[in-house]
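Q: Just passing along the structure, written as structure tokens.
Numbering (the working numbering), first residue to last: 12 to 149.
As structure tokens, then:
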């Protein structure tokens, strides 16, 4: 997994957290981890996802962005986006997700973590890229 932060605005302006699960990395559930630790308060603006190879399992194969607070373990947090991405849907197409309607779930306090949360059997999924657009708040 490769994670980079790209500043789009000024010192306190919006920026992107870019996550890339290259090739078969995306097929391993253990590769979906914490991708960001808040160094101050932030608000999720929106999130984007694209994948190169579809999931093929008979059940649902989805991806979520979760907020973890305190000592919460992976998969125990709250969703930061309005709905999950379907990894069995169309490939090579960027899908934008709005932040959740529950405002508190889209806000990060200093020390909160952001993780990618997968569901289902990821067997064939490959080439996943997720971009989180965050804005610093006071």
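Cβ atoms here follow ideal geometry from the backbone N, Cα and C, with glycine treated the same way. Computed from a prediction, not measured in an experiment: that's the story for all the values here.
(1) Kindly give me the distance between the Cβ atoms of residue 133 and residue 47, rounded to whole angstroms, as I take these residues to be in contact under 8 Å.
(2) Looking at C-beta atoms only, is the number of pairs between the region 31-46 and the region 102-110 that lie closer than 8 Å three or more?
(3) Can you name, in chain order, every residue of its own chain whose Cβ lies under 6 Å from the Cβ of residue 75, other than the five neighbours on each side?
(4) Once DSSP output is grouped into helix, strand and coil, what is the label at residue 57?
(5) In chain order, what residues of the same chain lie with their CB nearer than 8 Å to the CB of residue 71, ignoring the 5 residues before and after it?
A: Let me lay it out:
(1) On the chain shown, residue 133 is found 122 positions in, with the first residue counted as 1. On the chain shown, residue 47 is found 36 positions in, with the first residue counted as 1. Actually they do not touch by this definition, with Cβ atoms about 21 Å apart.
(2) no
(3) Translated into positions along the chain shown, residue 75 becomes position 64. Excluding residues within five positions, the ones whose Cβ falls inside 6 Å are 90, 95 and 128.
(4) Along the chain shown, read from residue 1 onward, the residue named residue 57 stands at position 46. When DSSP states are grouped into helix, strand and coil, residue 57 belongs to the strand group.
(5) Translated into the one-based positions of the chain shown, residue 71 becomes position 60. Contacts found: 97, 99, 130 and 131.
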